[in-house]
Amino acid sequence: MDFFAAQELARRNSRKLFAWFALAVIGVIGSVYVAVLVLFGLGTTGSPDAAAAVDLWNPELLATTALAVGGFILLGSLFKIFSLARGGGAAVATALGGRLVPRATSDPLERRLINVVDEMAIAAGLPAPPVYVLDAERGINAFAAGARPTEGIVAVTRGALEQLSRDELQGVIGHEFSHILNGDMRMNLRLIGVLHGILLLTLAGRVLLRSARGSDKGGAPLLMLGLALIAIGSIGVLFGKLIKAAVSRQREYLADAAAIQFTRNPTGLAGALKRIAGIGSTIEHPRAEEASHMFFGSGAKMLSLLATHPPIESRLKRIDADFDPARNVREASPATSVGPEVATLDTLTASGFTASVGEFAPAHVAHTHTLIDSLPEPLLHAIHQPGGAGPALFALLLSEDEPRQARQLDRIEAEFCRRARDETHTHAQWLRQAGPRYRLPVLDLALPAVNELSAPARAQILATVDALIESDGRTRLFEYVLRRLLHDGLADGGAARPSRVSLSSLKSDTAALLALLAHAGHANPDEARAAFTAATLVAPLDPPWEMPSTAKLGAPALDRILGHLAACKPAFRKKLIEACASVVLHDGQVTVGEAELLRAVAKALDCPVPPLLRYAH
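Residues 11 to 627 in the numbering used here are what the sequence shown spells out, letter by letter.
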C-alpha cells in the first residue's frame, strides 16, 4: 500500500462521489420544480389548446427552486460535515452511544483493547487515538472516525471486547487503522453529511404537511407539495445510499488486505469475520444506519444493493482462497504476503523512508510491544493517567544543562506541585539513559490521557511546555516539532491550514524547511549547503533554489511553513518527504536522534512513519 497513492485515491473518490451526489441533487431540484409548477398551476398558459395548456419552462421559477432547494441541501450537508469535523471522531462515537475508555481503566478487557490500539498506533507512527466502547451493543463491530489521521478515534462494541481473542481483536483494529491511513475517515464523514442534506428535504415535507393540516383554505397544494417533497427526498436518499454502498464495499476489501499485511496474521481477521457470521454485527442504536458505511461489519440489515459491506463469505474467500462456507470452522491459510520491507538505520535511504510512510509490518508491531513493555512501571502508569501525563511530557523537554534544568523544574513546581517536579525529574533520568527512540512513543501514548483533562488544565500543560522550551531563549528544532505535535494532538487543535497557497510561497517554505534540517544535521556550513543542494534535486518544485538564512526563523514562521506544506496534495508531500530524508542522509551517517527528528517532521506534515528499527549484526 502506497500511503500517498491511497490518499490521492481517496481524494479522487471523494470528487467522483460528490459528482454523483451533485447529479442526484440536480435531479431532486428538477423534480421539486416540476412539482411546484404543476401543483400551483404556474405552468398553465391559459391557451384553449390542450396540447399547449402546460408550459414547463419557467426560468424564474427554476432559478428560485434551484437556489432554495439546492441551498437548503447544501447548507444542511455543510452544517452536518462541519459539526462532525469540529467534534472529531468523538462526536460520531458519542452520537452512537459510545463511552470514552479512561486510559487508567482497571477493566481487563478494556485494558487489553487499549494495549492493542497503542501498539498498532505507535507501529504506524500515529498518536495513540482515544478509544470508545459501545456498551449497549452485543454484536461484534468496530469503526474509526475523524477528519485527519492524527485526529482519529477507534470504537468497538462490547460484544467485540467479550467475544474476540487478542489476535482477532488485533485483526479488527488493523482493519480500522487501514481506514485511517487510507484517508477513508474524512470521506466517511462527508458521506454522512451529504446524505443528511438530502434527508432534510423529507423533513421539510413533513413540516409542510403539518402546516397544511392547520390551514382552512388553500391547504391542498401545500399538502400535495409536502407529500411530493417526502417522496422526492426519499428517492434522493435511496440513490445516495446506493452510491455510498458501492464506494464503501470496495474500501472494505482494501482494508481487509491491509490488516493482513500489517499483522501478518490472517487467522486473526478471519476469526473475527467467522465470529460475526455466527454472532452477528448488528448495531441496535437508532442512528446506526446513518453510519453503516463506517463499521467493520455490516451494522444494519439491508438489501444487497444497499449493503455497505461485502458478504462475509466473500471477504473470507479473499483472505483464505480455500475457505468453504459450509465448513466455517476451518483455519485460514498462512499469509501469502510478507508485508513491506522493514527499514533500519543501517539500511535507510531517502526513497525507502518515503516508501515507509503509512506502512508498517508485524516487526513494527512486535517492536512497539517490546518498547512499551520496557517502559518502567512509574512512567507507564503516568502516561495512562490524566494527572500523570503532564510530568511525562515535561520530562521530554528537561535539559541536561543543570542551571537551565533547575529553572525548568522550578517552573513545573510553581505551576503544579512538588510531586510533579519530582516525577518529571525521575522520568527524565530514565529517558535520557534509554535514548531518543522513546521520545515520540511517550508523546503519542500520553496524548489521550492529556485530552481527558479539562480545557483549562490542557492549556496549563501547553503553557508549561512553551515555558520549558523557551527557558534558554532559543528553540531547538526537535523541541519545536514536539511542541507542534503536542498542540496538534490535543483537542484544542493546532494552527489553521490555508485552503490555497501560491507556488512561490510553497517554494520559499520548502527551502526554509530543508535549510533548517540541513543546519540541524550538519554542523559544518559547507556540509549543510551540500546537503541542501542534494535535497533540491528531488524536491517537489523545479530549480533554481537559493538556500535561505534560518537565523531569524522563529516558531510562528515555522508554524506557518508546516501548515502550508501539510495542506498540499499527497504527490507534493511525497516528494517533500523524500527531499527532507535526503538532507538527513546526505553524510551517510544517521543517528537515532536524526532519524527521530525526520519522523517528527514527517508527522507534522501528516505523514505517519513507523519506527525505524535497528538490528544488531
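For every residue, glycine included, the Cβ atom is placed at its ideal position computed from N, Cα and C.
A quick note: this is a predicted structure, and the numbers were derived from the prediction, not measured.
Beta-carbon spacing of residue i, residue j below 8 Å
i	j	result
Gly135	Pro620	yes
Ala282	Leu174	yes
Ile150	Gly99	no
Pro2	Thr436	The question about residue 2 has no answer, for the chain in this structure spans 11 to 627.
Cys590	Leu524	yes
His3	Ser258	This structure leaves residue 3 out entirely; the chain is present only between 11 and 627.
Gly631	Leu211	For the chain, the structure presents residues 11 to 627; residue 631 sits outside this window and is missing.
Val127	Ile183	yes
Leu235	Leu213	no
Leu171	Leu123	yes
Gly381	Val600	Going by the sequence as given, residue 381 is Leu instead of Gly. No; because the gap between Cβ atoms is not below 8 Å, this pair is not in contact.
Asn275	Gly368	no
Glu588	Arg447	no
Glu425	Thr474	yes
Ala269	Leu279	yes
Pro558	Ala521	yes
Gly290	Ala298	no
Gly400	Ala430	yes
Phe187	Arg583	no
Leu5	Leu407	Outside the displayed range of the chain (11 to 627) lies residue 5, so it cannot be described from this structure.
Leu94	Ile202	yes
Leu492	Ala610	yes
Phe370	Phe272	yes
Ile91	Arg158	no
Thr378	Glu178	no
Residue burial classification, residue i (beta-carbon count within 10 angstroms, cutoff 16)
i	result
Pro320	buried
Lys26	exposed
Gly349	The predicted position of Gly349 is uncertain, since its pLDDT is 45 and thus under 50; no value can be drawn from it.
Ser366	buried
Ser347	Confidence is the limiting factor: at Ser347 the pLDDT is only 39, short of 50, which leaves the residue's position unreliable and the question unanswerable from this model.
Ala614	buried
Leu516	buried
Arg22	exposed
Thr167	buried
Gly503	Bear in mind that a pLDDT of 49 at Gly503, under 50, signals an unreliable position, so the number given afterwards is only what the model happens to contain. So Gly503 ends up on the exposed side.
Gln443	exposed
Val46	buried
Pro137	buried
Leu622	buried
Pro618	buried
Thr74	exposed
Gly598	exposed
Phe629	Residue 629 falls outside the range modelled here, since the chain spans only 11 to 627, and no answer is possible.
Asp519	buried
Leu481	For the record, residue 481 in the displayed sequence is Ser; it is not Leu. By the 10 Å Cβ count, Ser481 comes out buried.
Gly81	exposed
Ile36	exposed
Ala612	buried
Start-to-end residues for the alpha helix (DSSP H) that takes in residue i
i	result
Leu527	513-531
Val491	487-499
Ile163	Unbroken run through Ile163 is the beta strand (DSSP E), 163-167; no alpha helix (DSSP H).
His283	Note on identity: in this sequence residue 283 is Leu, with His being the wrong assignment. Note, Leu283: alpha helix (DSSP H), 276-289.
Leu179	176-191
Val475	465-479
Phe542	535-546
Phe50	Looking at the DSSP string, Phe50 is not in any alpha helix (DSSP H), and its letter there is neither H nor E.
Gly564	Per DSSP, Gly564 belongs to no alpha helix (DSSP H) and is neither H nor E.
Arg325	322-329
Thr364	360-365
Limits of the beta strand (DSSP E) - the one that residue i falls within
i	result
Ala154	152-155
Val127	Taken as a continuous stretch (DSSP letters only), Val127 belongs to no beta strand (DSSP E), being part of the alpha helix (DSSP H) at 118-134.
Leu144	141-144
Check: residue i C-beta below 7 Å from any heavy atom of the ligand GTP
i	result
Thr292	Ligands in the displayed structure: none, and consequently the ligand GTP is not present.
* To do: List in chain order: all unbroken beta strand (DSSP E) runs of 3+ residues lying wholly within the segment 580-623.
  => none
* **Runs of alpha helix (DSSP H) lying entirely within the segment 372-451, each at least 4 residues, in chain order** => 372-384, 387-393, 396-405, 412-425, 428-444
* Asked: Are the segment 97-113 and the segment 138-150 touching, with three or more C-beta to C-beta distances below 8 Å?
  -> yes
* If you pair each beta-carbon of the segment 526-537 with each one of the segment 594-606, do three or more pairs fall below 8 Å? -> yes
* To do: Report yes or no: do the segment 79-91 and the segment 195-210 share at least 3 C-beta pairs separated by less than 8 Å?
  => yes
* Would the segment 493-500 and the segment 450-462 be scored as touching if the rule is three or more Cβ pairs under 8 Å? -> yes
* Asked: Are at least three pairs of beta-carbons, each pair with one atom in the segment 457-464 and one in the segment 384-404, less than 8 Å apart?
  -> yes
* Unbroken alpha helix (DSSP H) runs of length 4 or more, entirely within the segment 63-104: which are they? -> 69-75
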